[in-house]
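Visitor: Counting from 1, position 161 in the sequence shown corresponds to residue 160 in numbering that gives the first Met the number 0; the numbering is continuous, with no gaps. Structure in structure tokens, see below.
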Amino acid sequence: MNFDALREFMVRNQLIPRGIRDERVLRAMKKVPRHLFMPESVRYQAYDDSALSIGEGQTISQPYMVAVMTELLELQGSEKVLEVGTGSGYQAAVLAELVKEVYTIERIELLAQRAEEQFQSLGYTHLHVKTGDGTLGWPEQAPFDRILITAGSPKIPEPLREQLADEGILIAPVGDRFSQQLLRLKKSKDIFSEEYHTPCVFVPLIGRHGWSSDDRDNPQFSY
Ligand code: SAH
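Dropping the structure here:
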């Protein structure tokens, strides 16, 4: 398959017509080989207009959603960014094309390991991964100019608010377990302002300041 052509088509048909304007974001998404971040059996669908399963009950986000979140971060190039929810590693790689340092946390060790291998093989030396509960943030590396949560959250975890730098921006899908809306939080001299953007559906953020893993026993919680 000609993945370069499919990627070009994805940018031209899924992102630009829906209003993604940031040239740097479009360039990064034209460049990052999304298909390499998913199991071989589903690579032929890599550039489809949808989220896809990557195993372990988790998903790689829809290209458009990755573009929207990245654009909302208003990246200039010099930022230090934290992502919570590495998943496949694709979003982190897109961020790594755009900023100075990226830190990403994944609670499922196998996914973190796979993403790490992919980052190494693609040469992203300024992208750092760890396994753990991302709702606690990464205190040793804080503060972060930007924070992106890529799992559905009942609220913004308090440690992440604290680890956001002054004049920082945090994006998170906030809502209930089945549907959320992207929330953009801007911090200025310890005052937070909030704006709601695109509706979305993400797998749940599970951790101390997210959903409890016991919620999985709830029959309505069918992930
Ligand atoms: N950004 C990913 C998609 C994320 S899917 C990509 O580009 O592919 C959400 C991910 O968040 C899942 O892999 C899930 O295991 C992870 N996750 C859920 N709760 C978490 C937590 N508390 N800390 C870190 N990762 C978490």
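C-beta atoms are modelled at their ideal positions from N, C-alpha and C, and glycine is treated no differently.
(1) Using beta-carbon positions only, say whether residue 201 and residue 136 come within less than 8 Å of one another.
(2) Leaving out five residues before and five after residue 9 in sequence, what residues of the same chain have Cβ atoms less than 7 Å from its Cβ?
(3) Can you tell me which of 38, 29, 185 puts its alpha carbon nearest to the alpha carbon of residue 54?
(4) Among residues of its own chain, excluding the 5 on either side of residue 219, which ones have a beta-carbon nearer than 6 Å to its beta-carbon?
(5) Report all residues from its chain with a CB closer than 7 Å to the CB of residue 124; omit the five preceding and five following residues, and keep chain order.
(6) Which residues mark the beginning and the end of the alpha helix (DSSP H) in which residue 121 is found?
(7) Under 8 Å between the Cβ atoms of residue 89 and residue 65?
(8) Using a threshold of 8 Å, state whether the C-beta atoms of residue 134 and residue 181 are closer than that.
(9) Which of the three DSSP states, helix, strand or coil, is assigned to residue 41?
(10) According to DSSP, residue 148 sits in a beta bridge with which residue or residues?
(11) Take residue 83 and list the residues in its own chain whose beta-carbon comes closer than 6 Å to its own, dropping the five residues that flank it on each side.
(12) Can you check which of these residues, 20, 129, 30, is closest to residue 85 by C-alpha distance?
(13) Quickly, what does DSSP pair residue 198 with across the bridge? List them, please.
(14) Could you pull the start and end residues of the alpha helix (DSSP H) that residue 165 belongs to?
Guide: Based on what the coordinates show:
(1) Translated into the one-based positions of the sequence shown, residue 201 becomes position 202. Translated into the one-based positions of the sequence shown, residue 136 becomes position 137. For residue 201 and residue 136, no; Cβs fall outside 8 Å.
(2) The count along the sequence shown starts at 1 and reaches residue 9 at position 10. So the qualifying residues of the chain are 46, 62.
(3) Here residue 54 corresponds to residue number 55 of the sequence shown, with the count starting at 1. Minimum Cα distance to residue 54 is reached at 38.
(4) As a working mapping, residue 219 is identified with position 220 in the sequence shown. Low confidence applies to residue 219: its pLDDT is 47, below 50, so where it sits in the model is not reliable, and the reading given next is rough at best. If we look at residue 219 and ignore the five residues flanking it on each side, it has no Cβ neighbours.
(5) On the sequence shown, residue 124 is found 125 positions in, with the first residue counted as 1. Counting only Cβ-Cβ distances below 7 Å, and skipping sequence neighbours, we find nothing.
(6) Here the question's residue 121 lines up with position 122 in the sequence shown. Here the alpha helix (DSSP H) through residue 121 covers 108-121.
(7) Here residue 89 refers to the residue found at position 90 when the sequence shown is read from its first residue. Here residue 65 refers to the residue found at position 66 when the sequence shown is read from its first residue. Going by C-beta atoms, residue 89 is nearer than 8 Å to residue 65.
(8) For the purposes of this step, residue 134 is taken as the residue at position 135 of the sequence shown. For the purposes of this step, residue 181 is taken as the residue at position 182 of the sequence shown. Going by C-beta atoms, residue 134 is not nearer than 8 Å to residue 181.
(9) Counting from 1 along the sequence shown, the entry for residue 41 is found at position 42. Residue state, collapsed to three classes: helix.
(10) On the sequence shown, residue 148 is found 149 positions in, with the first residue counted as 1. Residue 148 is bridged to 83.
(11) Counting from one through the sequence shown, the residue named residue 83 turns up at place 84. Excluding sequence neighbours, residue 83 sits near 104, 133, 148.
(12) By 1-based counting over the sequence shown, the position of residue 85 is 86. Nearest option by C-alpha distance: 129.
(13) Against the sequence shown, residue 198 aligns to sequence position 199. Paired residues: 180.
(14) Counting from one through the sequence shown, the residue named residue 165 turns up at place 166. From DSSP, residue 165 is part of no alpha helix (DSSP H) but of the beta strand (DSSP E) over 163-174.
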